[in-house]
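Those protein sequence lines, which keep their order, are chains A and B.
Everything in the first sequence is counted per numbering that gives the first Met the number 0, starting at 0 for the first residue and increasing by one.
Everything in the second sequence is counted per numbering that gives the first Met the number 0, starting at 0 for the first residue and increasing by one.
For each residue, glycine too, the CB sits at the ideal point set by N, CA and C.
Treat the numbers as computed from the prediction; the structure is a model and nothing was measured.
Here the structure comes first, spelled out in structure tokens, and everything after it is commentary.
2 protein chains.
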Amino acid sequence: MNAVVKPLYELVKNHVLGRIRSGELKPGARVESEYELVRALKVSRMTANRALRELVQSGVLARVPGSGTFVADLRSAAHPLQIRNIAAEIQGRGHVHRARVMLKELVKCPAEIARLLGLSDGLAFHSLIVHHENEAPLQVEERFVNPFVAPDYMSVDFTRTTPHEYLMAVAPLERVEHVVRAMAPNPTVASLLQLELSEPVLLIERTTWSQELPASFACLYHAGSRFELRGVFSI
Amino acid sequence: MNAVVKPLYELVKNHVLGRIRSGELKPGARVESEYELVRALKVSRMTANRALRELVQSGVLARVPGSGTFVADLRSAAHPLQIRNIAAEIQGRGHVHRARVMLKELVKCPAEIARLLGLSDGLAFHSLIVHHENEAPLQVEERFVNPFVAPDYMSVDFTRTTPHEYLMAVAPLERVEHVVRAMAPNPTVASLLQLELSEPVLLIERTTWSQELPASFACLYHAGSRFELRGVFSI
DNA sequence: AAGTGGTCTAGACCACTGT
DNA sequence: CAGTGGTCTAGACCACTTT
Numbered sequence: 000m001n002a003v004v005k006p007l008y009e010l011v012k013n014h015v016l017g018r019i020r021s022g023e024l025k026p027g028a029r030v031e032s033e034y035e036l037v038r039a040l041k042v043s044r045m046t047a048n049r050a051l052r053e054l055v056q057s058g059v060l061a062r063v064p065g066s067g068t069f070v071a072d073l074r075s076a077a078h079p080l081q082i083r084n085i086a087a088e089i090q091g092r093g094h095v096h097r098a099r100v101m102l103k104e105l106v107k108c109p110a111e112i113a114r115l116l117g118l119s120d121g122l123a124f125h126s127l128i129v130h131h132e133n134e135a136p137l138q139v140e141e142r143f144v145n146p147f148v149a150p151d152y153m154s155v156d157f158t159r160t161t162p163h164e165y166l167m168a169v170a171p172l173e174r175v176e177h178v179v180r181a182m183a184p185n186p187t188v189a190s191l192l193q194l195e196l197s198e199p200v201l202l203i204e205r206t207t208w209s210q211e212l213p214a215s216f217a218c219l220y221h222a223g224s225r226f227e228l229r230g231v232f233s234i
Numbered sequence: 000m001n002a003v004v005k006p007l008y009e010l011v012k013n014h015v016l017g018r019i020r021s022g023e024l025k026p027g028a029r030v031e032s033e034y035e036l037v038r039a040l041k042v043s044r045m046t047a048n049r050a051l052r053e054l055v056q057s058g059v060l061a062r063v064p065g066s067g068t069f070v071a072d073l074r075s076a077a078h079p080l081q082i083r084n085i086a087a088e089i090q091g092r093g094h095v096h097r098a099r100v101m102l103k104e105l106v107k108c109p110a111e112i113a114r115l116l117g118l119s120d121g122l123a124f125h126s127l128i129v130h131h132e133n134e135a136p137l138q139v140e141e142r143f144v145n146p147f148v149a150p151d152y153m154s155v156d157f158t159r160t161t162p163h164e165y166l167m168a169v170a171p172l173e174r175v176e177h178v179v180r181a182m183a184p185n186p187t188v189a190s191l192l193q194l195e196l197s198e199p200v201l202l203i204e205r206t207t208w209s210q211e212l213p214a215s216f217a218c219l220y221h222a223g224s225r226f227e228l229r230g231v232f233s234i
């Protein structure tokens, strides 16, 4: 096993995250000041500062100069610019990612998707996975994969590797296309995300190309109340 | 007035970004080491380190311990959230765009927005416009504008020029930040979009910077059933 | 061996908030 | 006024990659 030596600022982050996870600190509650962390954890102020700054960056905390640091209203954020995978996203927030594999099969897929993936026989790998953040369902990922691009897809353990990670490894992405929309969930998605049918869902449809071939088509469903997309442009 | 003093690490980031934007540094190219930046820009190593670390975080650079810092390969040619002009969008589909100006006023804006726009007195221009496609409401645009960036905002005829067009004309964009989410509409938005309260809405919150200043904050509401965001990445 | 990134410290000055 | 966050410095030690 790897005896992982965590950086000090990670320990500081975990100290704060622990108090939030345990319920001791609710959204809006005040967090220790940098000097309090310095005294309590015997770290330098720069280390405490980095820990708090990164927790702000990942959306866990909010800071008000001259006033204090507070627990942010819990809402997930993702970065469409970096095509990150959901597991890294969740772990970056210091939370636990768990994937539940609901389906993993070879199917004759709908005609529209067969056409999108350029499959003459319509046969594609199909997976349905629910990604959890701290045991709360965050994303339902339904994916159709081109067998010619990723022939070993069925033998991957998706509780350890996300489909996205696997696809990136076997066939580097050339092109990604996204469609984002707001919609009401269908009963299956609502149930998997533990939502009422009236609660809006943010859907990202993602098509990827690799080796000059359409590689996969994914529908990523998220609870509107627990997920947001963030992006930055700079010129 | 707003005498903006940029943090040193921002200047370091801009130094590197400038060399990338100009084309001097291509993806894969080596960037100055931390010590080189220390010597060249007369900053401390911690400052150079923070600048480079944040550029890694935003996907611009990649670092290899023991080796060096490099321009990241995966650059998005287009953003999922393209800077779109709703009027051009609609006209591009061969349809008729019409804007109804519901509000155009100078207001004391909410504290959070005043902070975002860097307004000490909290006074900002405020507009509320409904954009129609062939007489059907497509987007509700609520916008707060920094008077220091666009002092003539109140005299613009928004039935002829969109706020976005006007802002682009008077002050070229430097940076845009987006947050996208799915939500249920509030009664005002539902009524303006002619929606049931149960129909999901796609909200884009957009903050723009110009001339080194926060220029505007906009909430763009769209009927989930009539609007989607599209984007492409290429490598 | 020299260079590089990763981390950490113990100070410092500033602007702002709250009392 | 004391407390807070925001930034910055000039050192330091370490593990790693490159030469």
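Are the beta-carbon atoms belonging to residue i and residue j less than 8 Å from one another?
{"i": "Phe216 (chain B)", "j": "Phe143 (chain B)", "result": "yes"}
{"i": "Val175 (chain B)", "j": "Glu204 (chain B)", "result": "no"}
{"i": "Glu223 (chain B)", "j": "Ala181 (chain B)", "result": "Residue 223 (chain B) is actually Gly in this sequence, not Glu. Against a cut-off of 8 Å, the Cβ pair of Ala181 (chain B) and Gly223 (chain B) comes out as a contact."}
{"i": "Asn133 (chain B)", "j": "His94 (chain B)", "result": "yes"}
{"i": "Leu115 (chain B)", "j": "Pro213 (chain B)", "result": "yes"}
{"i": "Ala47 (chain A)", "j": "Val4 (chain A)", "result": "no"}
{"i": "Val100 (chain A)", "j": "Val139 (chain A)", "result": "no"}
{"i": "Leu122 (chain A)", "j": "Pro146 (chain A)", "result": "yes"}
{"i": "Ser197 (chain A)", "j": "Ser190 (chain B)", "result": "no"}
{"i": "Val155 (chain B)", "j": "Ser209 (chain B)", "result": "no"}
{"i": "Val283 (chain A)", "j": "Ile19 (chain A)", "result": "Outside the displayed range of chain A (0 to 234) lies residue 283 (chain A), so it cannot be described from this structure."}
{"i": "Leu36 (chain B)", "j": "Val42 (chain B)", "result": "yes"}
{"i": "His221 (chain B)", "j": "Leu201 (chain B)", "result": "yes"}
{"i": "Pro136 (chain A)", "j": "Ala183 (chain B)", "result": "no"}
Judging by CA-CA distance, which residue of the options is the nearest neighbour of residue i?
{"i": "Leu102 (chain B)", "options": "B:Pro136, B:Glu176 and B:Phe124", "result": "B:Phe124"}
{"i": "Ala39 (chain A)", "options": "A:Thr161, A:His14 and A:Ala110", "result": "A:His14"}
{"i": "Ala28 (chain B)", "options": "B:Ser43, B:Val70 and B:Ser66", "result": "B:Val70"}
{"i": "Thr158 (chain B)", "options": "B:Arg97, B:Leu228 and B:Pro26", "result": "B:Arg97"}
{"i": "Ala61 (chain A)", "options": "A:Glu31, A:Asp156, A:Glu195 and A:Arg44", "result": "A:Glu31"}
{"i": "Tyr240 (chain A)", "options": "A:Pro26, A:Lys25 and A:Arg44", "result": "One cannot answer for residue 240 (chain A) here, as it falls past the ends of chain A, which runs 0 to 234."}
{"i": "Ser126 (chain A)", "options": "A:Leu24, A:Pro199 and A:Leu219", "result": "A:Leu219"}
{"i": "Gly117 (chain A)", "options": "A:Tyr8, A:Lys25, A:Thr207 and A:Tyr165", "result": "A:Thr207"}
{"i": "Pro6 (chain A)", "options": "A:Pro184, A:Arg49 and A:Leu137", "result": "A:Arg49"}
{"i": "Leu192 (chain B)", "options": "B:Thr68, B:Gly67, B:His130 and B:Cys108", "result": "B:His130"}
{"i": "Pro26 (chain B)", "options": "B:Leu166, B:Asp120 and B:Thr68", "result": "B:Thr68"}
{"i": "Ile128 (chain B)", "options": "B:Thr161, B:Leu54, B:Gly65 and B:Asp120", "result": "B:Thr161"}
{"i": "Tyr8 (chain A)", "options": "A:Gly65, A:Leu228 and A:Glu53", "result": "A:Glu53"}
{"i": "Gln90 (chain A)", "options": "A:Ile112, A:Leu16 and A:Met167", "result": "A:Leu16"}
{"i": "Val63 (chain A)", "options": "B:Ser21, B:Ala110 and B:Tyr165", "result": "B:Ala110"}
Kindly examine the ligand ZN and report whether one of its heavy atoms sits closer than 7 Å to the Cβ of residue i.
{"i": "Ser224 (chain A)", "result": "In terms of ligand content, the structure shown is empty, and the ligand ZN therefore cannot be addressed."}
Please name the residue or residues paired with residue i in a DSSP beta bridge.
{"i": "Pro213 (chain B)", "result": "B:Trp208"}
{"i": "Val30 (chain A)", "result": "A:Thr68"}
{"i": "Leu219 (chain B)", "result": "B:Glu140 and B:Ile203"}
{"i": "Arg52 (chain B)", "result": "BP columns for Arg52 (chain B) are empty, so no partner."}
{"i": "Arg180 (chain B)", "result": "B:Leu202"}
{"i": "His96 (chain B)", "result": "B:Glu132"}
{"i": "Arg62 (chain B)", "result": "B:Thr68"}
Exercise. Just by C-beta distance, which residues in the region 164 to 188 of chain A are closer than 7 Å to chain B?
Worked result: Cβ contacts with chain B: Leu172, Glu173, Arg174, Val175, Glu176, His177, Val178, Val179, Arg180, Ala181, Met182 and Ala183.
*Can you give me, in chain order, the residues of the region 126 to 137 of chain A that have a beta carbon less than 8 Å from any beta carbon in chain B?*
Listed in sequence order: no entries.
request  = Give, in chain order, every residue of the region 203 to 224 of chain A whose Cβ lies closer than 7 Å to some Cβ of chain B.
outcome  = Against chain B - using a Cβ distance shorter than 7 Å - the residues of the region 203 to 224 of chain A are Gly223.
Original post:
Name the residues in the region 189 to 202 of chain A whose C-beta lies less than 7 Å from a C-beta of chain B; which are they?
Top reply: Correct list: Ser197, Pro199, Val200 and Leu201.
Curious, which full-length beta strand (DSSP E) runs of at least 3 residues does the region 98 to 177 of chain A contain? Taken in chain order, the whole beta strand (DSSP E) runs of length 3 or more contained in the region 98 to 177 of chain A are 122 to 132 and 135 to 144.
Between the region 96 to 128 of chain B and chain A, which residues of the former have a C-beta closer than 8 Å to a C-beta of the latter?
Look at the region 96 to 128 of chain B: it has no residue with a C-beta under 8 Å from a C-beta of chain A.
Inset, instruction - Residues of the region 13 to 40 of chain B with a CB closer than 8 Å to any CB of chain A: list them in chain order, please. - result: Cβ contacts with chain A: Leu16 and Arg20.
Tell me which residues of the region 40 to 64 of chain A have at least one Cβ-Cβ distance to chain B shorter than 8 Å, keeping chain order. Using a CB distance below 8 Å, the part of the region 40 to 64 of chain A facing chain B consists of Met45 and Gln56, ordered along the chain.
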